[in-house]
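Data first, discussion second: the structure below is written as structure tokens.
Number of protein chains: 2
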Amino acid sequence: MQVAVIGIGLIGGSFAKDLKQLYPEANIIGIDKSEAHLDEALKLNIIDKKGNYEALADSDVVFVSIPVDSLLEELPKILDAVGEETVVMDAGSTKDLICQSVMDHPKRRNFMACHPIAGTEHSGPSAAINGLYEGKTNIICEVEKTAFKLQEKGLEIFQKMKMRIRYMNPVAHDKHIAYVSHLSHISSFMLGKTVIEKEKNERDIFDMAGSGFESTVRLAKSSPEMWTPIFEQNRDNVVETLEEYIQNLESFKQLLVSRDFGNVHQEMSNTNRIKQILKGIPLTKK
Amino acid sequence: MQVAVIGIGLIGGSFAKDLKQLYPEANIIGIDKSEAHLDEALKLNIIDKKGNYEALADSDVVFVSIPVDSLLEELPKILDAVGEETVVMDAGSTKDLICQSVMDHPKRRNFMACHPIAGTEHSGPSAAINGLYEGKTNIICEVEKTAFKLQEKGLEIFQKMKMRIRYMNPVAHDKHIAYVSHLSHISSFMLGKTVIEKEKNERDIFDMAGSGFESTVRLAKSSPEMWTPIFEQNRDNVVETLEEYIQNLESFKQLLVSRDFGNVHQEMSNTNRIKQILKGIPLTKK
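Protein chains in written order, with UniProt numbering: chain C, 1 to 286; chain Y, 1 to 286.
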């Protein structure tokens, strides 16, 4: 089996590492605009060799894990280059514009739109880990537009990686993911910003911040290169979630201002329900 | 050594567990308004026996880990009951009102105002763990008001637990902690609320939420009984942090609305500095 991984950072690198374990005979070709990343991935044995789009025609599987703005530009070119039996799968955190970008492509049936919901706040080939995808959810969009045999080929890999597969339309995906992922990132970034602005003396933050702050602000370590185009492509949904979040914070603030601590308690008590809801979410291995 | 632990939940129970390991000969008396918690703590071998304030006169150390509203009421009574050589240490997340509550108490010198910055989102005796305090910071306020010999007695315990000790005045403590702890909790609770409100179908949240959401919303599992009085006592500082946080979220939203993605990137890039700042924060053991 020949597999091309386009974009060999945390997501693509972890995919390649698992693949190598599941299919020891697989020949993994790394494609990346960064020569340094490719060299690092080679050195770490994440890929077997470097390549370019010419390698796509002979590849059985192409996994595309690049920022979603590049994905919009590259995906049509990637489909141009693949063979009849190649399945192309992406890992983009947005799905609507990406599906639209190849809607009328003659090789649309070679593409399976995926969002494996997995990651850490780290990036680059050295952040790649085995087992990143195990137990995580993979949202597949417009699966009916992918050739049946190619669906099978792609799904087999994700199933061997022990992912849970869910099907959804791209518009619904983008709306839901704004709440459970994109908003978390903004809430975390702005929390980090608020504290850094106030606490000019970083030593004080370090000394007083406990693990609660650390976990709440973890996502503020995420890559701006990855997240800016996500927010751009999912702007309307993200703005809507932000408005609701700001409104909830404003209401909570008003309860404090008016010393209505009965309702402060009630608000927190209602939200404690998140305990039950979260019970099944597998934590990312560090 | 006789030690009384008043409030035998996560914080008091973890203190008792470490103490037992460091001072195997210590006799640990549990005091709690909940008979069920005391029975559980006995069964878990966290305490040696149940007791009441009559036991305080003969105790060498009294550790008070109860919600901060109860602390305001109980601390003067606790000091009334202790012996000449007893050191009383609290674990309250606010310090200004607590220090004021015993400011003129004839036994003020028996009290050392502490905030060990440690915890998890869980509560109750069964949540108690060994090593909760290791590597964490303990902020001690108005240390000069504690009798020198009793400072020594208290500090020895925290040092054996490998805590980092920092000294601060109560007003500064409450101001800083609002940023690095109290705001995180509100940001997390309101994130949980926003998502729950939107996603009526909890199965969808469960399936799509990744570990990023899980860590950002972790603090929304915290106890409203503990946190309501913290927000009440530190209301002015908390409202100030909330206003700044809401302002930052509002500005970020405006960047999205006006499609100013250059500055969206810049904002995240500036906040990435949190990586370096956080490097030294020890994660809570789960």
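The beta-carbon is built from N, C-alpha and C at its ideal position, and this holds for glycine as well.
Give the DSSP-derived three-state secondary structure of Y:Y53 in the structure shown. On the second sequence, residue 53 of chain Y is found 53 positions in, with the first residue counted as 1. Reduced to three states, the DSSP call for Y:Y53 is helix.
Does the stretch 179-193 of chain Y come close enough to the stretch 240-254 of chain Y to have 3 or more Cβ pairs within less than 8 Å? yes
DSSP three-state call for Y:D90: helix, strand or coil? Reading the second sequence from its first residue, position 90 is the one you call residue 90 of chain Y. Three-state result, Y:D90: strand.
Should C:L278 go down as buried or exposed, given a rule of 16 or more other Cβ atoms within 10 Å for buried? Here residue 278 of chain C refers to the residue found at position 278 when the first sequence is read from its first residue. Buried, because 16 or more other Cβ atoms sit within 10 Å of the Cβ of C:L278.
Could you check if Y:K136 is buried or exposed, using at least 16 other CB atoms within 10 Å of its CB as the buried criterion? One-based indexing of the second sequence puts residue 136 of chain Y at position 136. It counts as buried.
Cβ of C:M208 within 9 Å of any chain Y Cβ: The residue you call residue 208 of chain C lines up with position 208 of the first sequence. Output row for C:M208: interface = yes.
When you compare each of Y:Q151, Y:S101, Y:R109 and Y:H176 to Y:V239 by their alpha carbons, which one comes out closest? In the second sequence, counting from the first residue as 1, residue 239 of chain Y sits at position 239. It is Y:H176 whose Cα lies nearest to the Cα of Y:V239.
Under 9 Å, do Y:D60 and Y:V87 count as touching if we go by C-beta distance? Position 60 of the second sequence, counted from the start, is the residue given in the question as residue 60 of chain Y. Position 87 of the second sequence, counted from the start, is the residue given in the question as residue 87 of chain Y. Going by C-beta atoms, Y:D60 is nearer than 9 Å to Y:V87.
Straight-line Cα distance separating Y:Y53 from Y:I78: Counting from 1 along the second sequence, the entry for residue 78 of chain Y is found at position 78. Counting from 1 along the second sequence, the entry for residue 53 of chain Y is found at position 53. Cα-Cα distance, rounded: 7 Å.
Proximal chain Y residues relative to C:I117, where beta-carbon distance stays under 7 Å: As a first step, residue 117 of chain C must be located in the first sequence, where it is residue number 117. Residues of chain Y passing the Cβ test: M208 and G210.
Chain Y partners of C:F252, CB-CB under 7 Å? Residue 252 of chain C sits at position 252 when you count from the first residue of the first sequence. Chain Y residues near C:F252: I186 and M190.
Pull up the distance between the alpha-carbon of C:L19 and that of C:I31, whole angstroms please. As a working mapping, residue 19 of chain C is identified with position 19 in the first sequence. As a working mapping, residue 31 of chain C is identified with position 31 in the first sequence. Those two C-alpha atoms are separated by around 16 Å.
Which whole-angstrom value describes the C-beta separation of Y:D58 and Y:Q2, a residue pair presumed to lie in contact below a C-beta threshold of 8 Å? For this step, residue 58 of chain Y is matched to residue 58 along the second sequence. For this step, residue 2 of chain Y is matched to residue 2 along the second sequence. Y:D58 to Y:Q2, Cβ: 6 Å. Contact.
Beta-carbon neighbours of C:E73, restricted to chain Y and to distances below 7 Å: Translated into positions along the first sequence, residue 73 of chain C becomes position 73. Residues of chain Y passing the Cβ test: none, with the nearest at roughly 16 Å.
Could you tell me which uninterrupted alpha helix (DSSP H) segments, each at least 4 residues in length, are contained entirely in the stretch 124-191 of chain Y, listed from first to last along the chain? 148-160 and 170-177
Under 9 Å between beta-carbons, which chain Y residues line up against C:V264? List them in chain order, please. Against the first sequence, residue 264 of chain C aligns to sequence position 264. By Cβ distance, chain Y contributes P224, W227, T228, F231 and E232.
Just the Cα atoms here: how many angstroms apart are C:S223 and Y:N272? As a first step, residue 223 of chain C is located in the first sequence; it is residue number 223 there, counting from the start. As a first step, residue 272 of chain Y is located in the second sequence; it is residue number 272 there, counting from the start. The straight-line gap from Cα to Cα measures roughly 8 Å.
Does C:F261 come within less than 9 Å of chain Y when only Cβ atoms are used? One-based indexing of the first sequence puts residue 261 of chain C at position 261. With 9 Å as the cut-off, C:F261 counts as an interface residue toward chain Y.
When Cβ atoms are compared, which residues of the stretch 136-165 of chain Y fall closer than 8 Å to chain C? K136, T137, I139 and R164
Nearest neighbour of C:I274, chosen from Y:F63, Y:L191 and Y:F231 [CA to CA]: One-based indexing of the first sequence puts residue 274 of chain C at position 274. Of the listed residues, the one whose Cα sits closest to C:I274 is Y:L191.
Identity of the residue in C:E156, C:F213, C:F63 and C:I157 nearest Y:A178 by Cα: In the second sequence, residue 178 of chain Y corresponds to position 178, counting from 1. Nearest of C:E156, C:F213, C:F63 and C:I157 to Y:A178, Cα basis: C:F213.
Under 8 Å, with one C-beta from each stretch per pair, do the stretch 217-237 of chain C and the stretch 107-127 of chain C reach the 3-pair mark? yes
Cutoff 8 Å; reference C:K221; Cβ partners in own chain excluding five residues on either side: Taking the first residue of the first sequence as position 1, residue 221 of chain C is located at position 221. Excluding positions up to five away in sequence, the list reads E121 and H122.
Using a C-beta to C-beta distance shorter than 8 Å, which residues of chain C count as neighbours of Y:S269? Along the second sequence, one-based indexing puts residue 269 of chain Y at 269. Neighbours of Y:S269 on chain C, chain order: P224.
Distance, Cα to Cα, Y:T94 vs C:N45? Counting from 1 along the second sequence, the entry for residue 94 of chain Y is found at position 94. Counting from 1 along the first sequence, the entry for residue 45 of chain C is found at position 45. Straight-line Cα distance between these residues: approximately 52 Å.
Quick one: Cα of C:C99 to Cα of Y:F252, how far? Counting from one through the first sequence, the residue named residue 99 of chain C turns up at place 99. Counting from one through the second sequence, the residue named residue 252 of chain Y turns up at place 252. When rounded, the distance between both Cα atoms is 27 Å.
Alpha-carbon to alpha-carbon, Y:M89 and Y:L71: Here the question's residue 71 of chain Y lines up with position 71 in the second sequence. Here the question's residue 89 of chain Y lines up with position 89 in the second sequence. Cα-Cα distance, rounded: 11 Å.
If we count the other Cβ atoms within 10 Å of its Cβ and call it buried at 16 or more, is C:D260 buried or exposed? By 1-based counting over the first sequence, the position of residue 260 of chain C is 260. Label assigned to C:D260: exposed.
At which residues does the beta strand (DSSP E) containing C:A26 begin and terminate? By 1-based counting over the first sequence, the position of residue 26 of chain C is 26. Segment: none, C:A26 is in no beta strand (DSSP E) and carries neither H nor E.
Please classify Y:D80 as buried or exposed, where buried requires at least 16 other C-beta atoms within 10 Å of its C-beta. Working through the second sequence from its first residue, we reach residue 80 of chain Y at position 80. It counts as exposed.
Please check if any C-beta of chain Y sits within less than 9 Å of the C-beta of C:T216. If you number the first sequence from 1, residue 216 of chain C lands on position 216. So, interface residue.
Taking DSSP as the reference, what is the three-state secondary structure of C:M103? Position 103 of the first sequence, counted from the first residue, corresponds to residue 103 of chain C. Coil, per DSSP.
Specify, as a first and last residue, the run of the beta strand (DSSP E) that C:A220 falls within. In the first sequence, residue 220 of chain C corresponds to position 220, counting from 1. That residue, C:A220, is in no beta strand (DSSP E); it is neither H nor E in DSSP.
Relative to the C-alpha of C:N130, which candidate in C:A55, C:E35, C:S258 and C:I11 has its C-alpha closest? Here residue 130 of chain C is taken as the residue at index 130 of the first sequence, counted from 1. When each option's Cα is compared against that of C:N130, the closest is C:I11.
Give the straight-line distance between the Cα atoms of Y:K162 and Y:R109, rounded to the nearest whole angstrom. For the purposes of this step, residue 162 of chain Y is identified with residue 162 of the second sequence, where counting begins at 1. For the purposes of this step, residue 109 of chain Y is identified with residue 109 of the second sequence, where counting begins at 1. Using only the alpha carbons, I get a separation of about 25 Å.
Indicate whether Y:P76 and Y:I230 have their beta-carbon atoms separated by less than 9 Å. For the purposes of this step, residue 76 of chain Y is taken as residue 76 along the second sequence, with counting starting at 1. For the purposes of this step, residue 230 of chain Y is taken as residue 230 along the second sequence, with counting starting at 1. No; because the gap between Cβ atoms is not below 9 Å, this pair is not in contact.
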